[in-house]
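Heads up, the thing below is written out as structure tokens.
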């Protein structure tokens, strides 16, 4: 088996949605700051982050429509106490399941999708072909957007837009029975140029209406280059009690010497 | 396969070593704080933590002796820039390997070890029996200490002590070729009553001399109850660039209906 | 004029109520981490704190009774949006006014008050004597408790208790027309041994019923030693929009060569 | 006396130099989260900030040249232990002194200075006129830049530049014997378009060579409108042990009914 990293490193200066607090890490103690009698020293750090920073998972409690979360749970009541008592990220089981890649740039013969491009159910059906995702699987939707990760403004695309799934694509994905949609953008949703990140219909459909998790800011560039489209997907969100999201370090396990099976 | 959680939830009020910043999570936005035109809302959080808080992994750069980290790397130079350029947690490959449990309380016929108890190489050899850990494996050393997790003062044992491995046990473990020692205490090391957490010889041996990682604040109570002693161990530290540690959510995968094989 | 510090330094390891996040400061960049072409470098830090940590001011929105803040303002509604839209610390004018010290240990002929001691209206009247506080002034109530500041457990007194003002003392103080009560303990309220910090009646009277601010964790040891009982009081809370408290560095300005005037 | 605010509120979304961690405040507990038996509740917050965020003071240890801070102190040695043992913000006495305003836009007959404009010693001399600052005073240098505070990109001027004092102006100011230069920009220094904030010669001159503090991100718009040019200046940095900066809330006290005296 070959292990492929599907996430980005956590570090200062990463692209970060203006809706969320950014990531900062500062060394609290460096070696030399305090040395014990036998010459030993320990270094450590202070970390500040949001739950939706870097490669992360959205818990179902992240989103509500008209004050209701998935299953009709009252969103206000569930947050009384300062942490969610329903649909928190601590309730999410580890992902250790089949994953299927929909490589949309490959389908369309482009290196990456255009800003604001809408990925439809039809695109996904075609990209999956015979390898459709099923119950308990995760779907990996590639846009090629990590090619812009070094340029946070372009990657976030607040004014310029970001490619992503449309509402009908979200419904199609939920219909397959998957546990989660994994995307290589910061929004998963299609972001039209000039609109910003305020309206995210696919988030509402997946997290609220259908109970499907979302993982964001992954990268499928290395995976896509192998030609593999089926994989063992591994992601273990932290059990942060009552939080709406968690950083993750997702992995793909594929057979060595893999060549596209179709 | 059955999946068993080996970690503790991340939340306010967890036991936390006074050497490290504690964990805090505050909801930044609750549903109702800001609602968009179509009734949608997003909740999120601000998280403050250390890299050695809750269930976590110690990167090799966490420890130094006489200003040198593992392999003789200069500990000061490696931290210039404000994050470690060598032996950082971002360099640690995911753990997806064989794990072997040394159940010391079971060996000794007690529910849990006494405060300050020293686990020796001999204890470990006896507890492993024929199932000794080998190259690339991880060793899980059970003390039963998570039974005190609800009482942070007792669990941390700053004045009362904590059971843990002695220097010779650390060397024995490193000799087996394992990648990491996983412990169910906050210190892994034997902490004698009245000594505090300042001197941690097993940390020096494992992290600096032998290049063996340490994972701490795990729990083996549920695992031990199954009787399983061999398992598939899964832990994926976050790739926090240049950090000395990372929270983890470790898992054991065992065969359903497992009974002690020996 | 002589300037006397009435506050404590902000630093790791300060006494901190378990109800609030503690203070942590980590250097993000040290000199040498990044040096520009002309040899210049800048050091800076990452700070995590609560609004009620170290010497601080309680804004009126810090407290509510039966869901109402001062003036009957609905406490829930005022916090929608994630920061208080009424009675936040940003609405508090700077304090640059007369202050009057009630030196209770001096009155009682003891170095400091006993744990759990209740300061009554009668004690205050006697201690003020002819120098009663009036409209727009602040009252400084000395217990001598900063003598224990180096011992956080004793200072916080979670199990052992803390001296402080009773409900009738709070009402008496509010009747004088003062803007704020300044205390040298972490709770201002009388904390009976074994009760913890959950019930704080003087907080309710001052912040909710009477609209009088509270400043806490001051020290009057140096001031008391001068014999001065009237002073110019200076405290400038930060304008943190919608926060419930702010760190302060309060000062007393007294005439040089002051001797007790009474 | 009339009190005029010279600072900006501390809140999410403030202009913040990319060199420093931004400000975030999240309510940890809102009223209703936890209510005690008698109906009382307390709200509080978690705050993350840098020492150079919003209106703030630069301590002398913020800057070094060739590894030396003011007075030749070794900059590395002084930071060992994780907080500065020399020239930290905790060593800065409160400012309660004469302030003199140099209103450069008024001098030049413009509403505000152009991006990248250099304020010279000659400009300052002319603007001060007979009211030159002297020993122990602070100098307030107005650019009118707070008119752009609502537009963080323009205010910070990373690519477009910011008006500020030249090296010779910094030397002239230090020659007057002042304790601090107060500016209404984020950099104090002249920032030429396209240069970014990396080279700040006036910072080196003031903080390192001359031992003069800098306060930044103030606003003199209201003060300037009164016509007052002499004032009582009040700023009390927090005593954060070993920090390189502190948020401040500076105030000007002027005579009511003030008209420009010259």
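Protein chains in written order, with the numbering used here: chain A, 12 to 273; chain B, 12 to 273; chain C, 12 to 273; chain D, 12 to 273.
Think of the CB as a built atom: it goes at the ideal place given N, C-alpha and C, for glycine as much as any other residue.
Checklist line | Within chain B, the residues that residue 32/C reaches when beta carbons sit closer than 9 Å | finding: 23, 33, 35, 37 and 59
Notebook entry, point to check: Just how far apart, CA to CA, sit residue 41/B and residue 33/D?
Noted result: 21 Å
Note to self: Excluding the 5 residues flanking residue 137/A on each side, which residues of the same chain have their C-beta closer than 8 Å to its C-beta?
What the structure shows: 118
Notebook entry, point to check: What residue from 14/B, 18/B, 28/B and 22/B has the CA that sits closest to residue 170/B's CA?
Noted result: 28/B
Notebook entry, point to check: Are residue 101/C and residue 252/C touching if we call contact CB-CB under 7 Å?
Noted result: yes
Margin query: Using 7 Å as the threshold, is the C-beta distance between residue 176/D and residue 225/D below it?
Written below: no
Notebook entry, point to check: From which residue to which residue does the beta strand (DSSP E) around residue 245/D run?
Noted result: 241-246
Item checked: 7 Å Cβ cutoff, residue 101/A in contact with chain B -> yes
Notebook entry, point to check: Quick one: what does DSSP say residue 212/A is sitting in, helix, strand or coil?
Noted result: helix
Note to self: Any beta carbon of chain C sitting closer than 7 Å to that of residue 44/B?
What the structure shows: yes
Check: Would you call the stretch 68-88 of chain A and the stretch 41-60 of chain B touching, i.e. three or more CB-CB distances under 8 Å?
Finding: yes
Checklist line | Cβ of residue 47/B within 7 Å of any chain A Cβ | finding: yes
Next item on the list: List the endpoints of the continuous beta strand (DSSP E) containing residue 67/C.
Entry: 67-69
Check: Can you find a CB in chain G that lies within less than 7 Å of the CB of residue 127/A?
Finding: Any reference to chain G falls outside this structure, whose protein chains are A, B, C and D.
Margin query: Whole angstroms are fine: how far does the CA of residue 155/B sit from the CA of residue 231/B?
Written below: 7 Å
Margin query: Taking contact to mean 3 or more Cβ pairs, one atom from each stretch, closer than 8 Å, check whether the stretch 46-60 of chain A and the stretch 206-223 of chain B are in contact.
Written below: yes
Next item on the list: Please confirm whether residue 96/D and residue 86/D have their CB atoms less than 7 Å apart.
Entry: no
Check: Would you say residue 142/B and residue 240/B are within 7 Å of each other, going by their C-beta atoms?
Finding: yes
Next item on the list: Could you name each continuous alpha helix (DSSP H) segment of 4 residues or more that falls completely within the stretch 115-150 of chain A, going from the start of the chain to the end?
Entry: 115-119 and 132-139
Note to self: Using 8 Å for Cβ pairs, my map puts residue 247/A next to residue 91/B. What's the rounded Cβ distance?
What the structure shows: Not quite, the Cβ-Cβ distance comes to about 33 Å (not below 8 Å), so this is no contact.
Note to self: Using a Cβ-Cβ distance cut-off of 7 Å, determine whether residue 91/C contacts chain D.
What the structure shows: no
Next item on the list: May I have the straight-line CA-CA distance separating residue 273/A from residue 54/A, to the nearest angstrom?
Entry: Confidence at residue 273/A is low in this model, with a pLDDT of 38, below 50, so its placement is unreliable and the value that follows should be read with caution. Whole-angstrom Cα-Cα distance: 50 Å.
Notebook entry, point to check: Since residue 106/B sits in a beta bridge, which residues does DSSP pair it with?
Noted result: 246/B
Item checked: Simplified DSSP assignment, three categories, for residue 182/D -> helix
Item checked: Straight-line Cα distance separating residue 81/C from residue 20/C -> 31 Å
Notebook entry, point to check: Are at least three pairs of beta-carbons, each pair with one atom in the stretch 142-152 of chain C and one in the stretch 187-196 of chain C, less than 8 Å apart?
Noted result: yes
Note to self: Just to confirm the assignment: which complete alpha helix (DSSP H) runs, minimum length 4, are found wholly within the stretch 15-64 of chain B?
What the structure shows: none
Check: Does the beta-carbon distance from residue 65/B to residue 258/B come in below 7 Å?
Finding: yes
Note to self: Which same chain residues end up closer than 8 Å to residue 114/C when comparing Cβ atoms and leaving out the 5 residues on each side of it in sequence?
What the structure shows: 138, 153, 231, 235 and 240
Notebook entry, point to check: So with Cβ pairs under 7 Å, would you call residue 98/B a contact of chain A?
Noted result: no
Notebook entry, point to check: Using a C-beta to C-beta distance shorter than 8 Å, which residues of chain B count as neighbours of residue 40/C?
Noted result: 93
Next item on the list: Rank 228/C, 266/C and 237/C by C-alpha distance to the C-alpha of residue 62/C and give the top, closest one.
Entry: 228/C
Item checked: As assigned by DSSP and simplified to three states, the class of residue 84/B -> coil
Check: Count the other CB atoms within 10 Å of the CB of residue 271/B; is the residue buried (16 or more) or exposed (fewer)?
Finding: Only weak support exists for where residue 271/B lies, its pLDDT of 47 falling under 50; the value from the coordinates is given anyway. Looking at its Cβ environment, which holds fewer than 16 other Cβ atoms inside 10 Å, residue 271/B is exposed.
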